[in-house]
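Participant:
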Amino acid sequence: MIPDRIMRKIERCLALSSSANANEAGIALRQAQKLMEEYGLTRLDVAASSIEEKCVDSKSGKTPPNYLVVLASMVAAGFGTEAIYSVRYSRNGYIGSWSFIGPDGSPRISGYAYTVLQRRLLQDRKQYQDSLPSRLKRTTKIRRADAFAEAWLAAVKKQVIPAAPTDEARQAIEYYLSRHHGNLQDLTGRATGDLRRHDRAALTAGYEAGLSIQLHQAVEQRYTEVLTHD
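Read left to right, the sequence shown gives residues 858 to 1087 (this note's numbering).
1. Considering Cα atoms alone, identify which of Asp1051, Val1013, His1055 and Ile1018 is closest to Glu1164.
2. Measure the alpha-carbon distance for Ala1058 versus Ala1004 and round it to whole angstroms.
3. In whole angstroms, what separates the C-alpha of Ala934 from that of Arg900?
4. Reducing DSSP to helix, strand and coil, say where Lys919 ends up.
5. Under 6 Å Cβ to Cβ from Val944, same chain only, skipping five residues before and after it: list those, please.
6. Should Thr1023 go down as buried or exposed, given a rule of 16 or more other Cβ atoms within 10 Å for buried?
7. So which of Leu1034, Pro922 and Gly1050 has the shortest CA-CA distance to Ile908?
8. Apply the 10 Å Cβ neighbour rule to Tyr946 and answer buried if 16 or more other Cβ atoms are within range, or exposed otherwise.
9. Taking the alpha carbon of Ser833 as the reference point, which residue from Leu1052, Leu1072 and Leu1044 has its own alpha carbon closest?
10. For Leu979, tell me which candidate among Ile1018, Pro922 and Gly962 has the shortest Cα-Cα distance.
11. What is the rounded straight-line gap between the Cα of Ser875 and the Cα of Ala882?
12. What separation, rounded to the nearest whole angstrom, lies between the Cα atoms of Met864 and Ile966?
13. Is the CB-CB distance between Arg1027 and Ala1006 below 9 Å?
14. I'd like the span of the beta strand (DSSP E) that includes Ser947, first residue to last.
15. Distance check for Tyr924 and Ala885, CA to CA, integer angstroms please.
16. Could you check which residue in His1038, Ser991 and Glu868 has the C-alpha nearest to that of Arg887?
17. Quick one: what's Trp841 bridged to in DSSP?
18. Return the CA-CA distance between Lys911 and Tyr896, expressed in angstroms with no decimal places.
19. DSSP three-state label for Arg992, please.
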């Protein structure tokens, strides 16, 4: 295990190696190369050391519903992170979680954004499902509630401006994933059942509910509250 102080020192030297002062840049680069050789490190090792990971509860089990997969992907795209789903088993069954991975504090912001939006989405979905006529079958209610949730996300997604990581950050993220999460598989969420003619009202209701969400205001307010209590 390479001490953090060594990694930070190498990072500082590499940053100084791009200095406009050629003499200073040369000294910094040689010092960085010397330390990297001494500890058997590559530039990707150094870049990956700045990658962070934030884990948050997914409120789902072994296989998350498709709308939560969409939510995690949307948040990851909005903050330049990578989202991966993990499952652990407890006495109460499977417990799932999302990990957001990226540089410069972006995973932490992604985690808070996901938590805020998931809470509101599940709250609105439940409220809609509870409002459906009691004569409906449970499967019908769930199908319509899922459709509501996916339409809700379609509306919120209009506020998301993708923040693609730099090529260097992307390489560092991929290297980090290969080192710490080597056996990743493609995730397929639990699909919503095929919609029927009378289910279309759920799409309209979900989209209208999603339009009322002020994405950045909600995330910034929650993030400020968390920082205040840190």
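Where is the CB? At the ideal position from N, CA and C, for every residue including glycine. Predicted, not measured: the structure shown is a model, and the values here were computed from it.
Facilitator: Result, derived from the coordinates:
1. No statement about residue 1164 is possible, as the shown extent of the chain runs from 858 to 1087 and does not include it.
2. Their backbone Cα atoms lie some 9 Å apart in a straight line.
3. When the Cα atoms are used, Ala934 and Arg900 turn out to be separated by approximately 25 Å.
4. Coil.
5. Counting only Cβ-Cβ distances below 6 Å, and skipping sequence neighbours, we find Lys919, Tyr951 and Gly953.
6. Under a 10 Å Cβ-count criterion, Thr1023 is classified as exposed, with fewer than 16 other Cβ atoms of the shown protein chains found around its own Cβ.
7. For Ile908, the closest C-alpha among the options Leu1034, Pro922 and Gly1050 is that of Leu1034.
8. Its Cβ having fewer than 16 others within 10 Å, Tyr946 is exposed.
9. As shown, the chain starts at 858 and ends at 1087. That puts residue 833 outside it, with no answer to give.
10. The residue with the shortest Cα to Cα distance from Leu979 is Pro922.
11. One alpha carbon belongs to Ser875, the other to Ala882, and they sit about 6 Å apart.
12. Met864 and Ile966 have their alpha carbons spaced roughly 24 Å apart.
13. When the beta-carbon positions are compared, Arg1027 and Ala1006 stay at least 9 Å from each other.
14. Element bounds for Ser947: Glu939 to Ser947.
15. Whole-angstrom Cα-Cα distance: 49 Å.
16. Out of His1038, Ser991 and Glu868, Glu868 has the C-alpha closest to the C-alpha of Arg887.
17. The structure shown does not extend to residue 841, since the chain is modelled only from 858 through 1087, so no value can be given for it.
18. Taking the straight line joining both Cα atoms gives about 27 Å.
19. Coil at Arg992, not helix or strand.
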